[in-house]
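A.B. asks:
There are 2 protein chains.
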Amino acid sequence: MKNKALVLFSGGQDSTTCLYWAIDKFGSASVSAVAFDYGQRHKIELVSAKKIAKMAGVKLDILPISTFSALGGNALTGSEKVKTGNAKKTGLPNTFVPGRNLIFLTFAAAHAYTVGIHDLVTGVSEADYSGYPDCRKGTIKALETSLSLGMDYKFKIHTPLINLSKKKTVLLAKKLNAFPALALSHTCYNGKRPPCGKCPACILRKKGFDEAGLIDPIG
Amino acid sequence: MKNKALVLFSGGQDSTTCLYWAIDKFGSASVSAVAFDYGQRHKIELVSAKKIAKMAGVKLDILPISTFSALGGNALTGSEKVKTGNAKKTGLPNTFVPGRNLIFLTFAAAHAYTVGIHDLVTGVSEADYSGYPDCRKGTIKALETSLSLGMDYKFKIHTPLINLSKKKTVLLAKKLNAFPALALSHTCYNGKRPPCGKCPACILRKKGFDEAGLIDPIG
Chain A
-6 MKNKALVLFS
4 GGQDSTTCLY
14 WAIDKFGSAS
24 VSAVAFDYGQ
34 RHKIELVSAK
44 KIAKMAGVKL
54 DILPISTFSA
64 LGGNALTGSE
74 KVKTGNAKKT
84 GLPNTFVPGR
94 NLIFLTFAAA
104 HAYTVGIHDL
114 VTGVSEADYS
124 GYPDCRKGTI
134 KALETSLSLG
144 MDYKFKIHTP
154 LINLSKKKTV
164 LLAKKLNAFP
174 ALALSHTCYN
184 GKRPPCGKCP
194 ACILRKKGFD
204 EAGLIDPIG
Chain B
-6 MKNKALVLFS
4 GGQDSTTCLY
14 WAIDKFGSAS
24 VSAVAFDYGQ
34 RHKIELVSAK
44 KIAKMAGVKL
54 DILPISTFSA
64 LGGNALTGSE
74 KVKTGNAKKT
84 GLPNTFVPGR
94 NLIFLTFAAA
104 HAYTVGIHDL
114 VTGVSEADYS
124 GYPDCRKGTI
134 KALETSLSLG
144 MDYKFKIHTP
154 LINLSKKKTV
164 LLAKKLNAFP
174 ALALSHTCYN
184 GKRPPCGKCP
194 ACILRKKGFD
204 EAGLIDPIG
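Sequence order for the protein chains is A and B. Numbered according to the working numbering, the first sequence spans residues -6 to 212. Numbered according to the working numbering, the second sequence spans residues -6 to 212.
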């Protein structure tokens, strides 16, 4: 019997690619997904997540996280305008919620524990432009250890995109027949559909498709 | 200048002792506290937390966590009756929320990051009767690593009670002059004040004071 896997799913390009990677690896009957309703500025992400999960035929649970906004305003939960530069003295983009992926992975692990799943799949990438420290290999490995110890339960965190550029992620999605799902995915920081094409997320997405020599099915 | 410290605070006996330990070590002006409103059955915990923080003269932030109840019912968030036995096949008490302390520490770390604090203090104990895997030294050390890597920010997690029996925790509280605060602390699983004296938490608390040869100021 194949293992069951839980995909951390945002309805975006990377996690959609991961969802199809997991279906390819574990089989669609063994894959489920979890998304987080954490006060993101654009609920359209969750709309995309639901549509794609339905298309892929996997169960999606949406877990609420009320805590981020209480930690203080930031670009993804507050009303601050998205900036491309290094808004904070840390040099991180101001879309950074400290430890956001740690929280997502820890809640996903707790959820996986309650339903008997050991394999977690997340679309973090070191090759991403962002420089988020919670997307690095070392962080993920350390977290895998602390989650396994902390719940006395063996977790494996799969990061299929960890070394992939946006171009290679696009090519992987193509290979996995994920393009119809990518047509439904959400990327734009400004919450626009069709995408604004001007925000850093749209520009990065376009760059990946351009370099792969493929047309973004989002249109 | 002394470091600033953030104490994970529940209003219970152990975290109250830790609060006074932190005040002793870092100085009261450098200590603040964070508590979590996570759907616990007895809000009296947070009432105790507020009273004790006020008595100690430290700032207390209460962060909401809405996620636990969505992970499935359990004795501390649901309506299930507290049992003393091993309610689940895991052999853990049914007060176990998988990864609860990992979540608390990760949110506390995110909060500490936003306010420029590197030192976290938590009252977890390996000597505790519970056997919670997220209270063990190895887990805390692994988490310290993943938090530090994941936020690119050096955290130190202090666990002054990690090796202490309940008796020794009582003696430490006495030495730190924490007894007036302990009079306001909350322990009873059944949410009673005065405490029921019959639940596992009350029995464990009483055992500690009895073995220390001291009278519990809670009365």
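We treat Cβ as the ideally placed atom computed from N, Cα and C, and that holds for glycine. Only a predicted model underlies this, so the values are computations on that prediction, with no experimental measurement involved.
Report all residues from its chain with a CB closer than 6 Å to the CB of Ile150(B); omit the five preceding and five following residues, and keep chain order.
C.D. replies: Within the same chain, Ile150(B) has close Cβ partners Leu113, Ile133 and Glu137.
A.B. asks: Classify Asp127(A) as helix, strand or coil using the three-state DSSP reduction.
C.D. replies: helix
A.B. asks: Check whether the Cβ atoms of Leu64(A) and Thr107(B) lie closer than 9 Å to each other.
C.D. replies: Yes. Within cutoff.
A.B. asks: By the 10 Å Cβ neighbour count, where 16 or more other Cβ atoms means buried, how is Gly206(A) classified, buried or exposed?
C.D. replies: Result: exposed.
A.B. asks: Expressed to the nearest angstrom, what Euclidean distance is found between the alpha-carbon atoms of Leu93(B) and Asp127(B)?
C.D. replies: Checking the sequence, you will find Arg at residue 93(B) rather than Leu. Rounded to the nearest angstrom, the two C-alpha atoms are 8 Å apart.
A.B. asks: Counting Cβ pairs closer than 8 Å, one from the region 141 to 157 of chain A and one from the region 175 to 194 of chain A, do we hit at least three?
C.D. replies: no
A.B. asks: Can you tell me whether Ala90(A) is helix, strand or coil according to DSSP?
C.D. replies: The question names Ala, but residue 90(A) is Val in the sequence shown. The DSSP-derived three-state label of Val90(A) is coil.
A.B. asks: Can you grab the Cα-Cα spacing for the pair Ile96(B) / Ala(-2)(B), in whole Å?
C.D. replies: 18 Å
A.B. asks: Quick one: give me the first and last residue of the beta strand (DSSP E) that Lys52(B) is part of.
C.D. replies: Lys52 to Pro57
A.B. asks: Looking only at DSSP bridge pairs, what is Asp17(A) linked to?
C.D. replies: Paired residues: none, contrary to the question.
A.B. asks: Looking only at its chain, what residues have a beta carbon closer than 6 Å to the beta carbon of Ser141(A), apart from the 5 residues adjacent to it on each side?
C.D. replies: Result list for Ser141(A): Lys147 and Phe148, in chain order.
A.B. asks: Given a limit of 8 Å on CB to CB distance, which residues of the region 104 to 137 of chain B reach chain A?
C.D. replies: His104, Tyr106, Thr107, Pro126, Asp127, Arg129, Gly131, Thr132, Ala135 and Leu136
A.B. asks: Considering only residues of the same chain and omitting the five flanking positions on each side of Leu175(B), which have a CB-CB separation below 8 Å?
C.D. replies: Hits under 8 Å: Gln6, Thr9, Thr10, Ala166, Asp209, Pro210 and Ile211.
A.B. asks: Does the CB of Met144(A) have a neighbour CB from chain B at under 9 Å?
C.D. replies: yes
A.B. asks: Could you confirm whether any beta carbon from chain B is found closer than 9 Å to the beta carbon of Leu1(A)?
C.D. replies: Taking a beta-carbon distance threshold of 9 Å, Leu1(A) does not count as an interface residue toward chain B.
A.B. asks: Going by beta carbon distance, what residues of the same chain come within less than 6 Å of Tyr31(B), once the five residues before and after it are set aside?
C.D. replies: Ile58 and Phe61
A.B. asks: Taking only three categories from DSSP, how would you classify His151(B)?
C.D. replies: strand
A.B. asks: Quick one: Cα of Pro193(A) to Cα of Ala28(B), how far?
C.D. replies: 36 Å
A.B. asks: I want to see whether chain B comes within less than 9 Å of Asn183(A), judged by CB atoms only; does it?
C.D. replies: no
A.B. asks: Are Thr115(B) and Val0(B) close, meaning C-beta to C-beta below 9 Å?
C.D. replies: yes
A.B. asks: Report the residues of the region 48 to 59 of chain B with a CB closer than 7 Å to any CB of chain A, ordered along the chain.
C.D. replies: Leu56, Pro57, Ile58 and Ser59
A.B. asks: Are Trp14(B) and Pro153(B) touching if we call contact CB-CB under 9 Å?
C.D. replies: yes
A.B. asks: Starting from Ala166(B), follow the alpha helix (DSSP H) in both directions and report where the run begins and ends.
C.D. replies: Lys159 to Lys168
A.B. asks: Any beta carbon of chain B sitting closer than 9 Å to that of Ser21(A)?
C.D. replies: Proximity of Ser21(A) to chain B, defined by a Cβ-Cβ separation below 9 Å, is not satisfied.
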